[in-house]
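Asker: First residue of the sequence shown: 204, per the numbering used here; consecutive thereafter. All residues carry an ideal CB built from backbone N, CA and C; glycine is no exception. One structure follows; several queries about it will come next.
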Amino acid sequence: LYVASWFLRPYQREVLSDKVSAPLATAYQTEAFRKEAGALEERAESEMKYATAEEKGIAIIYKLPSKVSVKSDKSEHKFPISSQFLSAEFEYSSYPRVSPFAYLGSRVTNSKGLQLLAGRVNIFLEGDFVGFSGISNIAPSEEFDLYLGIDENVKVKRELLEKKVDETLIAGIPSRTKKTTFKYKLTVENYKSKKIKVKLFEAIPVSEDDRIKIKINEISLEPDKEDWEDRKGIWLWELELDAQQKQEIFYTFTVEHPRDMLVEGL
């Protein structure tokens, strides 16, 4: 789940640079670009070869419990090696500003003493196939993350309840600044038959210009973390919802800027 900040800045009209508006490049420039691209490609290729040559691994031998017959048909054949139950902690993550879904993830411990090889993983959720994932080489006792996809039994919604523009007049003359107040509601509903943990993310706008000011007016439930992982304006709630429980969070903020300024991102 990718969580990005919400930035506000003065709107700037795009202006074509000299490179874009200039006439077609000369033959000399074209050849120079071609040589530069070739040099970059050659360097990237040499770096890739170097990285591959330096890569080291370990040899692992898996012994099947009995002999098997393998057809000589030049195709791949699979045989079960082991069946294990690994301990895991499950948690949902959601960023409803971008996606109205709850994504289930797990923190798994390779607790059975068998090396897990890198490769594709078939994901099943409550007996239903939901897609593919992948893992790297996992050593015994090592922890790793496994993402299980969307769970439709956990509903998340973000609603704009109110948007109010302050058109204050002083002696019939508009004020120099414009204020816009937003009121949002975040809703998380657990339709499952068991208790769940949910990481709920929300972005509060962040000003990139001193003339744009942002004020948080009220919030019904304080977030557990602000500026999550040093990402400005990202709030995080770490919620626990019982079966069939619904959690609602309300908050309002005001954006103030010069009246004649167009704000990008608002």
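Which residues bound the beta strand (DSSP E) around Glu-443?
Answerer: Counting from 1 along the sequence shown, the entry for residue 443 is found at position 240. Glu-443 -> beta strand (DSSP E) spans 437-444.
Asker: Whose C-beta lies closer than 6 angstroms to the C-beta of Ile-422 among residues of the same chain, with five residues either side of it excluded?
Answerer: Along the sequence shown, read from residue 1 onward, the residue named residue 422 stands at position 219. Here the set comprises Tyr-454.
Asker: Can you tell me where the beta strand (DSSP E) holding Asn-420 begins and where it ends?
Answerer: Counting from one through the sequence shown, the residue named residue 420 turns up at place 217. Per DSSP, Asn-420 belongs to the beta strand (DSSP E) from 416-422.
Asker: With a cut-off of 8 angstroms on the beta carbons, I'd call Tyr-265 and Ile-399 a contact; round off their distance for me.
Answerer: Sequence index remark: in the sequence shown, residue 265 carries index 62 (1-based). Sequence index remark: in the sequence shown, residue 399 carries index 196 (1-based). Not confirmed; about 36 angstroms, so no contact.
Asker: Use the C-beta contact count for Lys-402: other C-beta atoms within 10 angstroms, 16 or more gives buried, fewer gives exposed.
Answerer: For the purposes of this step, residue 402 is taken as the residue at position 199 of the sequence shown. Lys-402 should be labelled buried.
Asker: Would Val-391 and Gln-450 be called neighbours here (beta carbons separated by less than 7 angstroms)?
Answerer: Counting from 1 along the sequence shown, the entry for residue 391 is found at position 188. Counting from 1 along the sequence shown, the entry for residue 450 is found at position 247. Closer than 7 angstroms, so yes.
Asker: Asp-433 by DSSP, collapsed to three states: which one?
Answerer: Locating residue 433 in the sequence shown gives position 230, counting from the first residue. Here Asp-433 sits in helix by DSSP.
Asker: If you run the structure through DSSP and keep just helix, strand and coil, what is Phe-171?
Answerer: There is no way to answer for residue 171, as the model of the chain reaches only from 204 to 469.
Asker: Is any non-hydrogen atom of the ligand MN found closer than 6 angstroms to the C-beta of Leu-403, if you look at the structure I gave you?
Answerer: Ligands displayed in this structure: none; no statement on the ligand MN is therefore possible.
Asker: Along the chain, where does the beta strand (DSSP E) that runs through Asn-393 open and close?
Answerer: In the sequence shown, residue 393 corresponds to position 190, counting from 1. Asn-393 -> beta strand (DSSP E) spans 380-393.
Asker: I'd like the list of long-range same chain contacts for Asp-430, defined as Cβ closer than 8 angstroms, with 5 residues on each side in sequence excluded.
Answerer: Counted from its first residue, the sequence shown places residue 430 at position 227. Around Asp-430: Gly-436 and Ile-437.
Asker: May I have the straight-line CA-CA distance separating Gly-468 from Glu-292, to the nearest angstrom?
Answerer: On the sequence shown, position 265 is the one that residue 468 refers to. On the sequence shown, position 89 is the one that residue 292 refers to. Near 37 angstroms, if we compare the C-alpha coordinates of Glu-292 and Gly-468.
Asker: According to DSSP, is Asp-369 helix, strand or coil?
Answerer: Position 166 of the sequence shown, counting from 1, holds the residue named residue 369. Correct three-state label for Asp-369: strand.
Asker: Which partner residues of Val-359 appear in the DSSP bridge assignment?
Answerer: Counted from its first residue, the sequence shown places residue 359 at position 156. Paired residue(s): Val-391.
Asker: Taking Asp-348 as part of the beta strand (DSSP E), name the residues at either end of that continuous run.
Answerer: Your numbering for residue 348 matches position 145 in the sequence shown. Per DSSP, Asp-348 belongs to the beta strand (DSSP E) from 346-353.
Asker: Taking the Cβ atom as the reference point for each residue, do Phe-456 and Ile-419 lie within a distance shorter than 7 angstroms?
Answerer: Position 253 of the sequence shown, counting from 1, holds the residue named residue 456. Position 216 of the sequence shown, counting from 1, holds the residue named residue 419. In this structure, Ile-419 lies closer than 7 angstroms to Phe-456 by Cβ.
Asker: Output the distance between the C-alpha atoms of Asn-340 and Lys-366, rounded to the nearest integer angstrom.
Answerer: Mapped onto the sequence shown, residue 340 falls at position 137. Mapped onto the sequence shown, residue 366 falls at position 163. Whole-angstrom Cα-Cα distance: 51 angstroms.
Asker: List the whole-angstrom C-beta distance separating Asp-427 from Glu-441, where the pair is believed to meet the contact cut-off of C-beta under 8 angstroms.
Answerer: On the sequence shown, position 224 is the one that residue 427 refers to. On the sequence shown, position 238 is the one that residue 441 refers to. Rounded, the Cβ-Cβ distance is 5 angstroms, consistent with contact.
Asker: CB-CB under 8 angstroms to Arg-462, same chain, minus the five flanking residues each way: which ones, in chain order?
Answerer: One-based indexing of the sequence shown puts residue 462 at position 259. Contacts found: Pro-377, Ser-378, Arg-379, Thr-380 and Lys-381.
Asker: Output needed for Pro-303: all residues of its chain with C-beta closer than 7 angstroms, excluding positions within five of it in sequence on either side, in chain order.
Answerer: Your numbering for residue 303 matches position 100 in the sequence shown. Answer for Pro-303: Val-359 and Lys-360, listed in chain order.
Asker: Given Ile-284, which residues of its chain have a CB within under 8 angstroms of its CB, disregarding the five upstream and five downstream residues?
Answerer: Along the sequence shown, one-based indexing puts residue 284 at 81. Closer than 8 angstroms at the Cβ level, and outside the excluded window around Ile-284, lie Tyr-265 and Leu-267.
Asker: Would you kindly check if the distance between the Cβ of Gly-352 and the Cβ of Gly-334 is under 7 angstroms?
Answerer: Locating residue 334 in the sequence shown gives position 131, counting from the first residue. Locating residue 352 in the sequence shown gives position 149, counting from the first residue. Yes.
Asker: Name, in chain order, the residues that DSSP records as bridge partners for Ala-406.
Answerer: For the purposes of this step, residue 406 is identified with residue 203 of the sequence shown, where counting begins at 1. According to DSSP, Ala-406 bridges with Ile-437.
Asker: At the level of alpha carbons, what is the spacing between Ile-338 and Glu-279?
Answerer: Taking the first residue of the sequence shown as 1, we reach residue 338 at position 135. Taking the first residue of the sequence shown as 1, we reach residue 279 at position 76. Taking the straight line joining both Cα atoms gives about 20 angstroms.
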